Amino acid sequence: MFAVETLNLSKRYGKTDALRGLNFTVNEGEIMVILGPNGSGKTTLLMILCTILKPTSGTARVVGIDVVDEGTKVREVMGIAFQEARGFWRHKPSSILKFHASMFDIDPAKRQDLI
Numbered sequence: 015m016f017a018v019e020t021l022n023l024s025k026r027y028g029k030t031d032a033l034r035g036l037n038f039t040v041n042e043g044e045i046m047v048i049l050g051p052n053g054s055g056k057t058t059l060l061m062i063l064c065t066i067l068k069p070t071s072g073t074a075r076v077v078g079i080d081v082v083d084e085g086t087k088v089r090e091v092m093g094i095a096f097q098e099a100r101g102f103w104r105h106k107p108s109s110i111l112k113f114h115a116s117m118f119d120i121d122p123a124k125r126q127d128l129i
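Residue numbers for the sequence shown follow the working numbering, so the first one is 15 and each next one is one higher.
Here's what the structure looks like:
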């Protein structure tokens, strides 16, 4: 089993391909570096792997778990720290909590009680 695996992974925004047919694997214990110029799809790839974005086509797996079909399980085994957290500070705390609740598939009716 690979730590990360993509098969023909693609993400399209309108007429623009952010990712097109990406195939790679990372073995457990390996360190992978993602390098490229602005607009080359680095952030899009990471957002797909951490289940924030859905790919247009193809497959991505984290420790054998499909990021689309089993997003909740992926989020249980992976974490992500963004370089800059500025985006979150533009929102009300309740909006941030609702976003995180949605990431863990908490029922919308129950979210309000929890928040």
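Built from N, CA and C at the ideal position, the CB exists for glycine as well.
As the structure is a prediction and not an experimental result, all values here were calculated from the model.
Do you know how far the Cα of residue j is from the Cα of residue i?
i	j	result
M15	L63	16 Å
I110	R26	27 Å
H114	V82	17 Å
D121	K112	10 Å
S116	D80	18 Å
F118	R125	11 Å
I129	A123	11 Å
L49	A95	17 Å
Cα-Cα, which of the options is closest to residue i?
i	options	result
V88	G78, N22, T70	G78
T39	R75, L49, K68	R75
T73	L36, A95, E90	L36
M46	D119, D121, A17	A17
Buried or exposed, going by whether 16 or more other CB atoms sit within 10 Å of the CB of residue i?
i	result
P69	buried
T65	buried
L21	exposed
E19	buried
G28	exposed
L23	buried
G85	buried
For the beta strand (DSSP E) that contains residue i, what are its first and last residues?
i	result
T20	16-27
L36	30-41
G85	Where G85 is concerned, there is no enclosing beta strand (DSSP E), although the alpha helix (DSSP H) it sits in stretches over 85-91.
Quick check on the DSSP output: the alpha helix (DSSP H) that includes residue i runs from which residue to which?
i	result
F113	107-117
A123	122-128
message = Would you call the segment 100-120 in contact with the segment 41-57, where contact means no fewer than 3 C-beta pairs closer than 8 Å?
response = no
Touch test, the segment 58-69 against the segment 23-36, Cβ-Cβ under 8 Å, three pairs minimum | yes
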